[in-house]
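Count along the sequence shown from 1, then add 124; that gives the number in this note's numbering.
Even for Gly, the Cβ is constructed at its ideal location relative to N, Cα and C.
Worksheet: the structure to be examined is printed underneath.
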Amino acid sequence: PLSEDIVRQHRFLQAAMSTWLETYTASLETLQRTTRSPLSLGIPLLRIFHTMVSIQVATMLSTSETCFDEFTSAFTSILAQAVEIYRKASEIHHRSFSNDGRITGFSFTIDIGTIPPLSYVALKCRVPWLRRQAIALLLAAPHREGIWDGVVIAHNTQKVITLEENGFFDHLNLEFDCRPFDPPVEKHQQDLAQVPCLPERSRFRHVKVI
């Protein structure tokens, strides 16, 4: 059983996440009005990180990787918010925004941006088309954020997906690959019910790149 201290800390984190979101929502209109481009991209980025950390807090006490199956809506939200950030960034920097090519101009930043949440979706969301869209987004706007290299991470997470799934969905004969900037969908064109959940035994809990 969990100690009272662990449970108390978990409740504190959950309350802190709720308080942060309330403050963010109340401040959003002012932030959008007073923040100039390109700094305005940081506003929706904060929301993406809140979504990601909310999943982490909600699942931190679980010992099963299947707990992430309850957060498909949150993973979908991260992807949708990332697509919108790339769209806005393209407008600010006068770059083309299309599924037919890469977004150029995003080379390096010392700040942390979309790479961590997109890699988190690719690793922890086991809905086949959503995790593939996360990888497609990493490859569509290749850049670095500090020590994070989006292309390297995309290839590493693709390897994890290949090892986890190991042909598990092949019998369905469904096409799971997604174009990066299409609106992410929680339900595939086919009924989600016919796509089985990846078994617990197939899922990696921790991934390290050496």
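Span of the alpha helix (DSSP H), counted from its first residue to its last, around residue i
| i | result |
| --- | --- |
| Q318 | Careful: Q318 lies outside any alpha helix (DSSP H) and carries neither H nor E. |
| D129 | 128-158 |
| G274 | 274-289 |
Residue i versus residue j: straight-line alpha-carbon distance, rounded
| i | j | result |
| --- | --- | --- |
| V331 | G291 | 20 angstroms |
| T200 | R160 | 28 angstroms |
| T187 | E324 | 11 angstroms |
| V251 | T196 | 8 angstroms |
| L322 | C191 | 12 angstroms |
| L155 | H295 | 49 angstroms |
| H174 | F293 | 31 angstroms |
| E299 | V319 | 12 angstroms |
| Q133 | N223 | 43 angstroms |
| M359 | K248 | Since the first and last residues shown for the chain are 125 and 334, residue 359 lies out of range. |
| L169 | P307 | 17 angstroms |
| I259 | R303 | 10 angstroms |
| L152 | V284 | 37 angstroms |
| L263 | E208 | 16 angstroms |
| D193 | R135 | 22 angstroms |
| A139 | N297 | 44 angstroms |
| S243 | L203 | 11 angstroms |
| Q257 | E146 | 29 angstroms |
| A150 | W144 | 10 angstroms |
| I234 | S164 | With a pLDDT of 49 at I234, under the threshold of 50, the modelled position of that residue is not reliable, and the figure given next carries that caveat. Cα to Cα, the separation comes out at about 17 angstroms. |
| E128 | T158 | 44 angstroms |
| R329 | E288 | 11 angstroms |
| F305 | E189 | 28 angstroms |
| R211 | A265 | 11 angstroms |
| P162 | I130 | 40 angstroms |
| L126 | V333 | 30 angstroms |
| I172 | A246 | 15 angstroms |
Assigned secondary structure, residue i (DSSP; H/G/I helix, E/B strand, else coil)
| i | result |
| --- | --- |
| E299 | coil |
| R250 | coil |
| R219 | coil |
| R329 | coil |
| I234 | Low confidence applies here, because I234 scores a pLDDT of 49, under 50, leaving its location unreliable and the question unanswered by this model. |
Quiz prompt | Segment contact, 8 angstroms Cβ cut-off, at least three pairs: the segment 172-189 with the segment 274-281 | solution = With the cut-off at 8 angstroms, the segment 172-189 and the segment 274-281 do not touch.
Quiz item: Do the segment 212-219 and the segment 268-276 touch if we need at least three Cβ pairs shorter than 8 angstroms?
Solution: Verdict: no, contact absent.
Quiz item: In the segment 163-204, which residue ranges form an unbroken alpha helix (DSSP H) of at least 4 residues, counting only runs that do not cross its ends?
Solution: For the alpha helix (DSSP H) assignment, the uninterrupted runs of no fewer than 4 residues enclosed by the segment 163-204 are, from N- to C-terminal side, 166-183.
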